[in-house]
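J.: Have a look at the structure that comes next, please.
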Amino acid sequence: MFKINENYLKLPGSYLFSTIGKKVNAYAAAHPDKKVIRLGIGDVTQPLAPAIIEALHKAVDEMAAAETFRGYAPDLGYEFLRNAIAENDYRARGCNISADEIFISDGAKCDSGNIQEIFGQGNKIAVCDPVYPVYVDTNVMAGRTGVYDSAKETWSDVIYMPCTAENNFAPEIPKERPDIIYLCFPNNPTGSAITKPQLQEWVDYANKVGAVIIYDAAYEAYISEENVPHSIYECEGAGLCAIELRSFSKNAGFTGVRLGFTVIPKELKCGEVSLHSLWARRHGTKYNGAPYIVQRAGEAVYSPEGKRQLKQQIAYYMKNARYILEGLQSAGYTVSGGVNAPYIWLKAPGGMSSWEFFDDLLERANVVGTPGSGFGPSGETYFRLTAFGSYENTVEAVDRIRAL
Ligand SMILES: Cc1ncc(COP(=O)(O)O)c(C=O)c1O
Numbered sequence: 199m200f201k202i203n204e205n206y207l208k209l210p211g212s213y214l215f216s217t218i219g220k221k222v223n224a225y226a227a228a229h230p231d232k233k234v235i236r237l238g239i240g241d242v243t244q245p246l247a248p249a250i251i252e253a254l255h256k257a258v259d260e261m262a263a264a265e266t267f268r269g270y271a272p273d274l275g276y277e278f279l280r281n282a283i284a285e286n287d288y289r290a291r292g293c294n295i296s297a298d299e300i301f302i303s304d305g306a307k308c309d310s311g312n313i314q315e316i317f318g319q320g321n322k323i324a325v326c327d328p329v330y331p332v333y334v335d336t337n338v339m340a341g342r343t344g345v346y347d348s349a350k351e352t353w354s355d356v357i358y359m360p361c362t363a364e365n366n367f368a369p370e371i372p373k374e375r376p377d378i379i380y381l382c383f384p385n386n387p388t389g390s391a392i393t394k395p396q397l398q399e400w401v402d403y404a405n406k407v408g409a410v411i412i413y414d415a416a417y418e419a420y421i422s423e424e425n426v427p428h429s430i431y432e433c434e435g436a437g438l439c440a441i442e443l444r445s446f447s448k449n450a451g452f453t454g455v456r457l458g459f460t461v462i463p464k465e466l467k468c469g470e471v472s473l474h475s476l477w478a479r480r481h482g483t484k485y486n487g488a489p490y491i492v493q494r495a496g497e498a499v500y501s502p503e504g505k506r507q508l509k510q511q512i513a514y515y516m517k518n519a520r521y522i523l524e525g526l527q528s529a530g531y532t533v534s535g536g537v538n539a540p541y542i543w544l545k546a547p548g549g550m551s552s553w554e555f556f557d558d559l560l561e562r563a564n565v566v567g568t569p570g571s572g573f574g575p576s577g578e579t580y581f582r583l584t585a586f587g588s589y590e591n592t593v594e595a596v597d598r599i600r601a602l
């Protein structure tokens, strides 16, 4: 009889977004006259920028002629895109990353989930709490996390680094030594960012103890403050200890188009083995590349027109973020994030739990957010609102909350 991967049975149900969906649907069915505004899910709402649409059309036309048709993409991705990334995202920021250290993929979710495959079973992971759930769940699937404590909602073999108001939602170096450290800045869900000296401390620590950092910079485009690094490779020595994940979802609206990349510097080694060679082997064996037309669309993100249009798109979302942040602050809420990230993290008022506040907000303001407890125990009593809605809906939602 075949056997299943029993690690999958250990996964606690991921009920967060389905529970939210059920509650919202039930409320909407019972109150058909009410306009429910959703500021819960981290999906973008603005259409693709014209420069990207143009590149997509052009690439589609190329596929229609034998002379310009493309089949399988090169393993690492097309050079035109890797060169554009290396130049714009790295060399322009003083980071010494070359095109052949970049692996094009169909998004950061897959990469952040798959990257653990190249590491041994016995590694101990450290994650922020609250956290983007993919990092932990994929290590559960791989059998690396030990036993689940359903009361505490934690795994015995995972090091949790609480991110709370006391530490300004920035993790502290853990007492126990991890092998693999997942960091995500600007952060989902808290919307917090860390400064370059703070990130340098993590790089120094990882190099000192022989740990690897998996740095998820999916929200890099939202950074507005000077002292916040856009890439971990802005830190000295990061090439020796860090893998960086990037996405085109949030900077260019590719959530449905799908494109991302992973950077593994060639100098990043475990003994004599370069992680770059392991990921290249994995990529070559298991992955056949993001579509040509999508990679051409990705290239357009770096064209002068693309850059200009996307700057406007980010500014549109960040105007929403500012409206939420300032609106709720002036109404007396304790609010953070929203300056270098499209997420606003607020404390549920009056000692309510995350879910109590969710129900209250749905019932009385008809506004949907995400309960912070869904991202980890330290998220309890917090609540996430996103800036990805339309400006009109954002204003209406915030004004309703203010009027409560
Ligand atoms: C921290 C983080 N990383 C990765 C992703 C997924 O990105 P992609 O759409 O490229 O898979 C998300 C999406 O919400 C995210 O919040």
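Residue numbering for the sequence shown is 199 to 602, as defined by my numbering.
Heads up, the beta-carbon is just placed ideally off N, CA and C, and yes, glycines get one too.
It should be emphasised that the depicted structure is a prediction, and the values quoted were computed from it without experimental measurement.
(1) Is any heavy atom in ligand 1 found nearer than 7 Å to the beta carbon of residue 453?
(2) Please write down, chain order preserved, every residue whose beta carbon lies under 6 Å from a heavy atom of ligand 1.
(3) Does residue 302 come out as helix, strand or coil in the three-state DSSP assignment?
(4) Where does the unbroken beta strand (DSSP E) through residue 443 begin, and where does it stop?
(5) For the segment 441-455 against the segment 259-279, are there 3 or more C-beta pairs whose distance is under 8 Å?
(6) For a quick check, are the C-beta atoms of residue 381 and residue 417 less than 8 Å apart?
(7) Starting from residue 375, trace the beta strand (DSSP E) both ways and give me its first and last residue.
(8) In three-state DSSP terms, what is residue 272?
(9) How would you write the range of the beta strand (DSSP E) that residue 363 sits in, first residue to last?
(10) Could you pull out every residue in the same chain whose Cβ sits closer than 7 Å to the Cβ of residue 258, ignoring the five residues on either side in sequence?
(11) Between residue 493 and residue 487, what straight-line distance do the alpha-carbon atoms span, to the nearest angstrom?
(12) Do residue 200 and ligand 2 come close, with the Cβ less than 7 Å from some heavy atom?
(13) Determine, using beta carbons only, whether residue 592 and residue 541 come nearer to each other than 8 Å.
(14) Which same chain residues, not among the five before or five after residue 376, have their C-beta less than 7 Å away from its C-beta?
(15) Is it true that the segment 226-244 meets the segment 562-574, where meeting means three or more beta-carbon pairs spaced less than 8 Å apart?
(16) Three-state secondary structure (DSSP) at residue 545?
(17) Tell me whether residue 238 sits in a helix, a strand or coil according to DSSP, three-state version.
(18) Measuring only the C-alpha atoms, how far is residue 463 from residue 275?
(19) Check for me: the beta strand (DSSP E) holding residue 460 runs from which residue to which?
(20) CB-CB under 8 Å to residue 361, same chain, minus the five flanking residues each way: which ones, in chain order?
(21) Between the alpha carbons of residue 427 and residue 397, how many angstroms are there, rounded?
(22) Within 10 angstroms of the Cβ of residue 479, are there 16 or more other Cβ atoms? Answer buried if so, exposed if not.
(23) Looking at residue 371: is its Cβ nearer than 8 Å to the Cβ of residue 383?
(24) Can you tell me whether residue 371 is helix, strand or coil according to DSSP?
(25) Straight-line CA distance for residue 302 to residue 228?
(26) Alpha carbon to alpha carbon, how far is residue 429 from residue 415? Give it in angstroms, no decimals.
(27) Kindly identify the DSSP beta-bridge partner or partners of residue 326.
(28) Taking the straight line between their C-alpha atoms, what separation do you get for residue 555 and residue 546?
(29) Within 10 Å of its beta-carbon, does residue 200 have 16 or more other beta-carbons around it, so buried, or fewer, so exposed?
(30) Please give me, in chain order, every unbroken run of the alpha helix (DSSP H) with length at least 4 that falls completely inside the segment 501-539.
(31) For the segment 288-306 against the segment 461-475, do three or more pairs of beta-carbon atoms, one drawn from each stretch, fall closer than 8 Å, so that the two count as touching?
(32) Using only alpha-carbon positions, find the residue among 442, 352, 599 and 349 that is nearest to residue 466.
(33) Name the one or two DSSP bridge partners that residue 584 has.
(34) Could you check if residue 210 is buried or exposed, using at least 16 other CB atoms within 10 Å of its CB as the buried criterion?
(35) For residue 589, I'd like the list of residues in its chain whose CB is within less than 8 Å of its CB, leaving aside the five on either flank, ordered along the chain.
(36) Does the Cβ of residue 343 have 16 or more other Cβ atoms within 10 Å, making it buried, or fewer, making it exposed?
T.: In brief:
(1) Result yes, Cβ under 7 Å from ligand 1.
(2) Those residues, listed in chain order, are 240, 305, 306, 307, 310, 330, 382, 386, 414, 416, 445, 447, 453 and 458.
(3) Residue 302: strand per DSSP, three-state reduction.
(4) Counting along the chain, the beta strand (DSSP E) containing residue 443 begins and ends at 440-445.
(5) Taking a cut-off of 8 Å for Cβ pairs, the segment 441-455 and the segment 259-279 do not touch, as fewer than three such pairs fall below it.
(6) Taking 8 Å as the cut-off, the beta carbon of residue 381 is found no closer than this to the beta carbon of residue 417.
(7) No beta strand (DSSP E) contains residue 375, which DSSP labels as neither H nor E.
(8) Under the three-state reduction of DSSP output, residue 272 falls in the coil class, being neither helix nor strand.
(9) Per DSSP, residue 363 belongs to no beta strand (DSSP E) and is neither H nor E.
(10) Take residue 258, set aside five residues on each side of it, and the residues of its chain with a beta-carbon closer than 7 Å to its own are 491, in chain order.
(11) The straight-line gap from Cα to Cα measures roughly 9 Å.
(12) Of the ligands this structure carries, namely ligand 1, none is ligand 2.
(13) Between residue 592 and residue 541, the CB-CB gap reaches or exceeds 8 Å.
(14) Exclusion of the five residues before and after residue 376 leaves 322, 323, 324, 357 and 409 as the residues of its chain whose Cβ lies within less than 7 Å of its Cβ.
(15) Touching, per the Cβ criterion.
(16) Three-state DSSP puts residue 545 in a strand.
(17) In this structure, residue 238 counts as coil in the three-state DSSP scheme.
(18) Looking at the two C-alpha atoms, the distance is approximately 16 Å.
(19) Note, residue 460: beta strand (DSSP E), 458-461.
(20) Counting only Cβ-Cβ distances below 8 Å, and skipping sequence neighbours, we find 326, 327, 328, 367, 368, 369, 385, 388, 390 and 576.
(21) Each residue's Cα considered, the two are about 8 Å apart.
(22) Looking at its Cβ environment, which holds fewer than 16 other Cβ atoms inside 10 Å, residue 479 is exposed.
(23) Contact flag unset, no.
(24) The three-state secondary structure of residue 371, taken from DSSP, is coil.
(25) Pairing residue 302 with residue 228, the inter-Cα distance amounts to about 46 Å.
(26) One Cα belongs to residue 415, the other to residue 429, and the distance between them is close to 7 Å.
(27) Looking at the DSSP output, residue 326 bridges to 359.
(28) Between residue 555 and residue 546, the C-alpha separation is close to 6 Å.
(29) With fewer than 16 Cβ atoms within 10 Å of its Cβ, residue 200 is classed as exposed.
(30) For the segment 501-539, whole alpha helix (DSSP H) runs of length 4 or above, ordered along the chain, are 502-528.
(31) With the rule of 3 Cβ pairs closer than 8 Å, the segment 288-306 counts as touching the segment 461-475.
(32) Of 442, 352, 599 and 349, the residue nearest in Cα terms is 442.
(33) For residue 584, the pairing in a beta bridge is given by DSSP as 541.
(34) Answer is exposed; the Cβ neighbour count stays below 16.
(35) Hits under 8 Å: 514, 517, 518 and 521.
(36) With 16 or more Cβ atoms within 10 Å of its Cβ, residue 343 is classed as buried.
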